[in-house]
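Report on the structure given below.
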Amino acid sequence: MTDARCRLPQYRCLRVAGEDRITFLQGQFSADIAALGSNRAALTAHSNRQGRAFCTALAWADDEAVMLLLPAAQADDTLARLKMYVLRSRVELSIAGDALAPAAQWDDSAGILPSDEWTVGQDAAGRPAVRLPGTAPRWLTVGPADAEDDGRWRFEDVRAGLPQVYPETREQFLPQALNLDALDGISFEKGCYVGQEVIARLHFRGTVKRRMRPFALPASATLPVPGDELRAAGETAGKVVDAARYGDDAMLLAVCPVNAQLDDCHLPDDTPLRALDLPYSLPSS
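Using my numbering, read the sequence shown as starting at 480 and increasing by one per residue.
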């Protein structure tokens, strides 16, 4: 049983402060950071100049800074990469300390409001709390917690179809292939940002040929790692984005060609996979 509040050591928060923080992040990430305000969060991507995602992050803002939640394995390298683009911008980039360490809140006993998904409220202690999609109410918050996550948070992310980029899959996926356009994680109306030309051209003039799909696998199976291949009919059928197990359930997300035949899809060790429906709708081509 998951405790109501628990630590999420598999994630870290980057804190971006300074008077130019919004302008700076607008030029780095695919979502409209200026539209976050103080009550909205967004899943977004920082890409290379070829439009391939270097990282994904959950972004939210307050009066003093913008916070970026991402896998712990990505934190140091993402910080170093963003610092390369600072130039004369008046921003301060840092990995948040223990007082802002990521934590999960699994029920509303802390009096968190509002309750709409992708909105930012506060718990009873005044800490920010981001409501995320899931099969049960859950909030991403910060600060100390006595218990540690038992794997449920990552599983709920996978089940909700929320992508992550890990070191093994850096610069391999376009944001649209990760379904970020279906998750309001790409703005096609704001100004330029790194990789924007390729990402926008695909939206306005091209066709998205690969999309992220969820799959179920046997609970006893060995979980694949990000970057592993999917196979079908003797050919590569996709690449794993993320995988998680919780209780008797195991799932993965994989980027696959939109026209791929996935009826006989399996991992390279012949573990069978069952294609599932996404919990959200994709934009029409």
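We put the beta carbon where it would ideally sit given N, CA and C, even for glycine.
Item to check | Below-9 Å beta-carbon distance, G576 vs any chain D residue | outcome: No chain D is present in this structure, which holds just one protein chain.
Checklist entry - Would the segment 696–703 and the segment 545–561 be scored as touching if the rule is three or more Cβ pairs under 8 Å? => result No contact exists between the segment 696–703 and the segment 545–561.
Checklist entry - Which residues in the same chain as P616 place their Cβ atom closer than 8 Å to its Cβ, once the five residues preceding and following it in sequence are excluded? => result Around P616: W585, D586, D587, S594 and R610.
Item to check | Residues sharing a beta bridge with S573, DSSP | outcome: Answer is R494.
Checklist entry - Quick one: Cα of A754 to Cα of P623, how far? => result Spanning the two alpha carbons is a distance of roughly 38 Å.
Item to check | Proximity of Q643 and P736 at Cβ, strictly below 9 Å | outcome: no
Checklist entry - Going straight from the alpha carbon of A520 to that of A540, what length do you get? => result The alpha-carbon separation between A520 and A540 amounts to approximately 8 Å.
Checklist entry - Do the segment 529–538 and the segment 673–683 make contact, defined as three or more Cβ pairs closer than 8 Å? => result yes
Checklist entry - Nearest to L579 by alpha carbon, out of A496, P607 and E627? => result P607
Checklist entry - From G685 to S763, what distance separates their C-alpha atoms? => result 12 Å
Checklist entry - How long is the line joining the alpha carbons of A514 and L741, rounded to whole angstroms? => result Each residue's Cα considered, the two are about 38 Å apart.
Item to check | Local conformation of F667 per DSSP, three classes | outcome: Coil.
Checklist entry - Would L653 pass as a contact of P703 if the rule is Cβ separation under 9 Å? => result No. Outside cutoff.
Checklist entry - Between the C-alpha atoms of D749 and N738, what's the straight-line distance to the nearest angstrom? => result Distance between D749 and N738, taken at the CA atoms: about 22 Å.
Checklist entry - Whose C-alpha, out of M546, R500, L487 and Y759, is nearest the C-alpha of L662? => result Y759
Checklist entry - What residues in its chain sit with their C-beta under 6 Å from that of A722, if we drop five residues either side in the sequence? => result L702, P703 and L731
Next on the checklist: Among D602, D499 and D625, whose alpha-carbon lies nearest the alpha-carbon of R567?
Outcome noted: D499
Checklist entry - Going along the chain, which residues of its own chain have a beta-carbon closer than 6 Å to the beta-carbon of F508, five neighbours each way excluded? => result T523 and H525
Checklist entry - Which one of P581, I574 and R560 has the shortest CA to CA distance from R649? => result R560
Item to check | P751, buried or exposed, once every other Cβ within 10 Å from all chains shown has been counted against 16 | outcome: exposed
Checklist entry - Do P581 and R638 have their CB atoms nearer than 9 Å? => result Against a cut-off of 9 Å, the Cβ pair of R638 and P581 comes out as no contact.
Next on the checklist: Let me make sure I understand the geometry here. Which of L537, D625, P550 and A716 has the alpha-carbon closest to that of E596?
Outcome noted: The shortest C-alpha to C-alpha distance from E596 to any of L537, D625, P550 and A716 is the one to L537.
Item to check | Environment of D756 [buried if 16+ CB atoms lie within 10 Å] | outcome: exposed
Checklist entry - Rounded to a whole number of angstroms, what is the C-alpha to C-alpha distance between C744 and M691? => result 14 Å
Item to check | Counterpart residues of C534 in DSSP-defined beta bridges | outcome: H525
Next on the checklist: Quick check on the DSSP output: the alpha helix (DSSP H) that includes E596 runs from which residue to which?
Outcome noted: Careful: E596 lies outside any alpha helix (DSSP H) and carries neither H nor E.
Checklist entry - When you compare only the Cα positions, how much space is there between G717 and T502? => result Taking the CA atoms as reference points, G717 sits about 36 Å from T502.
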